[in-house]
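The sequence shown begins at 36 in my numbering and counts up one residue at a time. Even for Gly, the Cβ is constructed at its ideal location relative to N, Cα and C.
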Amino acid sequence: MSINIVNQLSHRLINLIFAIVLVLGIAVSGVVFYKGDFIAKKAVELISQQIPAYDLLRKLNNSLIEKERFLYEFYATEQQQQFERGYSETNQQAQRVFDELMVRFGDIPPLQITKTSLNELNILADEFVQNITASQTNWALARQQLRIISDVRRATSPQIQQLITLTENKVEESEHVITNGLELVRLFVVLYGLATLILAYIVAKAIKAYLSTAANNQRLSLFSTRNPNPVISLDSQNTVTYCNPATENLLKKLDLGMGNAELLLAKDIKVYQTEILDEGIADSKQFEYQIAQLYFQCDLHWLEDQRQWDMHLTDITERKKFELELQYRASHHLQTGLLNHYELEKTVTQLCKTEQKFTFGLIEIRSFSQLISGQGVTVASTVVNEVATSLDNILSSIDKAGCRIFYVGEKSFALVCTTDLNNKKIDSLVEQIDQKIAATIFHCQYQVQLDFGFANYPQHGNDYKQLHKNSLAALDKSASSGDRSQVLFNLQLGEKLYHEQQLIEDMRVAIQMAQFELYFQPQMSLSSEKVIGAEALIRWQRNGQWMSPSEFIPLAERSGLIDILGDWILHTACQKAQNLVSLGWSDLVIAVNISPLQFGRKDFLSKVTNVLKVTGLEAKNLELEVTEGVIIYNENEAIETLAQLKKLGVNLAIDDFGTGYSSLSYLRRFNIDKLKIDQSFIHDIQHQTADQSIVRTIIELGRNLELKVIAEGVEGLEQQAILASMGCDEIQGFYFSHPLPEQHFIDFLQQQIPV
Ligand code: C2E
Ligand code: MG
Ligand code: MG
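Spelled out as structure tokens, the structure:
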């Protein structure tokens, strides 16, 4: 619990306790006053009425007995003088007492009877005195008179006793009332005392808590003086009521002038204050803000008991700078300085959420692989950086569509234009970029050409993945057709993509259902005219229709299926090759096509080693056909892998030679055995002298580098003859044999080189 809450509680508790004590005090005083008054009245009544009455009654009784005694003494002594003195005194007293009793009790029946008795007694006493004082006293009468007097006197006793009992009852009743009243008063006083004790205990506790809070506050207030971080107190109007020495130092450092601590407040401080007061969840909030070139973390506290704000500032400039640096690194590509692909995805996803129309574009440097293989990675990366800077400058100079540029990786850039660009606007944008890039000479005199692909949100995709895919499709289409008017994605392209997607799905199923087959196309030695091996070619019947590997292999590469499919091809080809070897064709070499992607995998070498081990095939019976494209991904690693494969004893051939872009200098480092002349040079070789000279050059090159040369796509005798005359080592083509299923190939082999 925070100190403020303790304070608030203590205050409320103490106020409540005061109120309770006050109310109880008033109530108890009222009860004591009322009851005291009542008891006093009763006591006064008891003292002034009942007790004297009781006394008088006893006096009356005694006076009457005394009166009787005087009469008897007079009879016995006959001393008249002594009798008259004592008797009259007693008589007067009895009369006085009686009168007083009359006043107190009133004319009630016992007193009336007593009065009658008193009168009768007086008359009898008078008659008795006359008899005694007579000259001739009649002693017998005197004795009779005395007896009557005694009887009358005794007759007064029950009346007096009745009055005494009456008085006693009244006394008892008063006593009861007084005792009860006193009991009640005592109970109230005791309860009040107890309540006061309990409340005093609670108050003491609250005061203790308050004192410890106060001590804490005092200690904390000292902290702020010694605190090296600025501490500022504000009242509820945000007027500075206190600031510590560190605040003054900061003001000095920022040149804001001493005593101007309010200049250090965050501009939106009121927002945070309202949040604290309105939410009421916590009495503090933490936020960051900037003052001049410094960043601060502010811990804002609301002190309810003092109705003050306390601000504790911590200079987080260093941390913030580091954070900003990290943010920059996380969102930018450091070499180009452009926003990176994470930022691109984030931006596009956010824009998609706002549902505002926008255009997504991809820009790629054309023939980038050639740039790498020709100029090397360092030059290529310098060119990329220069292109990045140029694109950034061009876009800022023509930025009418609010375009932002991102670096996506390798040779690719992306554009996000916050306006939905139509065909015309896109064409004009492409033209402007094209013109400016064409006019720029890049590093090493390199001239750059770009390819473009655009997709509009939401017509061409409603998320990043779709927009990227579709603009890439548009880019591929326009790049392959060389048609700049096709840079924006359209429906036909969409359909093509859809069909490709279907094909990928079917391929996935076909892999699981083992629907692929390997065919073997024999290769012939031109010198011996014998089969020396075969190329394994994948075959797939999709819904009863043969699919061309040229159609589905690139898709398998794009969808990642090539790994699993490539493994299957290599394993099956080696298995079948081992079967042929075991059937007796021990020198036969089976060539397997390896996709550049498959070749580029880190574990490719170990896969080949393993497949040879598992199938038992000797490395010499296996040939791997790779294209020059294998060096695209990592030239040095590719050359290293080729060297390792060579070491293993595997034959290596460069497929489709002549169509790639590797310079001849690389061939020396390639560690290969064979060049496979692309069929495009063979197709019309009998008519095209240009093709003839290329083929002748390749054959000579092979001879110089001590490489075998094979020509593929040989469809006729004339082509075979030309190649033979040029010194080509081997041929492969429909003229010799079409690709054959395994069993047909075995039959073919039996005919050619029976074992
Ligand atoms: P490639 O490796 O250059 O294969 C030679 C292609 O030429 C084969 O086409 C073959 O059937 C065809 N061919 C052979 N002789 C002649 C001829 O005399 N005239 C004509 N016009 N064509 C001929 P296919 O089987 O359709 O394969 C096409 C491409 O697909 C292959 O070109 C290769 O790049 C790829 N491919 C085929 N099978 C595989 C495979 O198992 N793995 C991988 N990664 N790629 C494969
Ligand atoms: Mg091939
Ligand atoms: Mg080929």
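Asked: For residue 407, collect the residues of the same chain with a Cβ closer than 6 Å to its Cβ; drop the 5 residues on either side in sequence, then sort them by chain order.; Found: 415
Asked: Using 10 angstroms around the beta-carbon of residue 371, count the other beta-carbons present and answer buried if the total reaches 16, otherwise exposed.; Found: buried
Asked: Do the segment 132 to 143 and the segment 208 to 227 make contact, defined as three or more Cβ pairs closer than 8 Å?; Found: no
Asked: Once you ignore the five residues that flank residue 564 on each side, which residues in its own chain have a CB closer than 6 Å to its CB?; Found: none
Asked: Please go through the same chain and pick out, in chain order, the residues whose beta-carbon is closer than 8 Å to the beta-carbon of residue 763, but skip the five residues on each side of it.; Found: 561, 712, 730, 734, 744, 745, 746
Asked: Can you tell which of 659, 338, 323 has its C-alpha closest to the C-alpha of residue 268?; Found: 338
Asked: Can you have a look at residue 650 and say buried or exposed, based on whether 16 or more other CB atoms are within 10 angstroms of its CB?; Found: buried
Asked: Is the segment 486 to 500 in contact with the segment 429 to 444, if contact means three or more CB pairs nearer than 8 Å?; Found: no
Asked: Please identify the residue among 385, 728, 66 whose C-alpha is closest to the C-alpha of residue 219.; Found: 66
Asked: Assuming residue 662 contacts residue 691 (C-beta within less than 8 Å), just tell me the rounded distance between them.; Found: 5 Å
Asked: Quick one, are the C-beta atoms of residue 265 and residue 285 less than 8 Å apart?; Found: yes
Asked: Give, in chain order, every unbroken run of the beta strand (DSSP E) that is at least 3 residues long and sits entirely within the segment 443 to 479.; Found: 447 to 452
Asked: Indicate whether residue 688 and residue 657 have their beta-carbon atoms separated by less than 8 Å.; Found: no
Asked: Write down the C-beta distance between residue 195 and residue 125 rounded to the nearest angstrom, noting that I regard them as a contact closer than 8 Å.; Found: Not really, about 16 Å apart at Cβ, beyond 8 Å.
Asked: Would you mind sorting residue 368 into buried or exposed? The rule is 16 or more other CB atoms within 10 Å of its CB.; Found: buried
Asked: Would you list the one or two residues that DSSP bridges to residue 709?; Found: 688, 743
Asked: Hey, would you say the C-beta of residue 730 is under 7 Å away from at least one heavy atom of ligand 1?; Found: no
Asked: Can you list, in chain order, the residues of its chain whose CB lies under 7 Å from that of residue 199, leaving out five sequence neighbours each side?; Found: 89, 92
Asked: Rounded to whole angstroms, what's the CA-CA distance from residue 3 to residue 526? Just pull it up for me.; Found: The requested residue 3 is not part of the displayed model; the chain covers only 36 to 790.
Asked: With a cut-off of 6 Å, give the chain-ordered residues whose Cβ is closer than this to any heavy atom of ligand 2.; Found: 570, 628, 660, 690
Asked: When you compare the CB of residue 514 with every CB in chain B, is at least one pair closer than 8 Å?; Found: Here chain B cannot be found, since the structure has a single protein chain.
Asked: Going by beta-carbon coordinates alone, are residue 528 and residue 508 separated by less than 8 Å?; Found: yes
Asked: Per the contact definition of three or more C-beta pairs closer than 8 Å, is the segment 44 to 63 in contact with the segment 224 to 243?; Found: yes
Asked: Mind checking whether residue 609 and residue 553 have CB atoms under 8 Å apart?; Found: no
Asked: How many angstroms separate the CA atom of residue 378 from the CA atom of residue 366?; Found: 5 Å
Asked: Mind checking which residues open and close the beta strand (DSSP E) that includes residue 559?; Found: 551 to 560
Asked: Pairing CB atoms from the segment 110 to 122 with CB atoms from the segment 166 to 178, are three or more of them under 8 Å?; Found: yes
Asked: Apart from the five residues just before and just after residue 183, which ones in its own chain have a Cβ nearer than 7 Å to its Cβ?; Found: 159
Asked: Run through DSSP, which three-state label would residue 376 get?; Found: helix
Asked: Could you tell me whether the Cβ atoms of residue 401 and residue 514 are closer together than 8 Å?; Found: yes
Asked: Just to confirm before moving on: does the CB-CB distance between residue 685 and residue 643 stay below 8 Å?; Found: yes
Asked: Once you ignore the five residues that flank residue 296 on each side, which residues in its own chain have a CB closer than 6 Å to its CB?; Found: 267, 275, 278, 282
Asked: Thinking C-alpha only, which one of 457, 475, 382, 326 is nearest residue 423?; Found: 475
Asked: Could you compute how far the alpha carbon of residue 584 sits from the alpha carbon of residue 574?; Found: 7 Å
Asked: Counting along the chain, where does the beta strand (DSSP E) carrying residue 320 start and finish?; Found: 319 to 326
Asked: Would you kindly work out how many angstroms separate the C-alpha atoms of residue 655 and residue 624, rounded to a whole number?; Found: 7 Å
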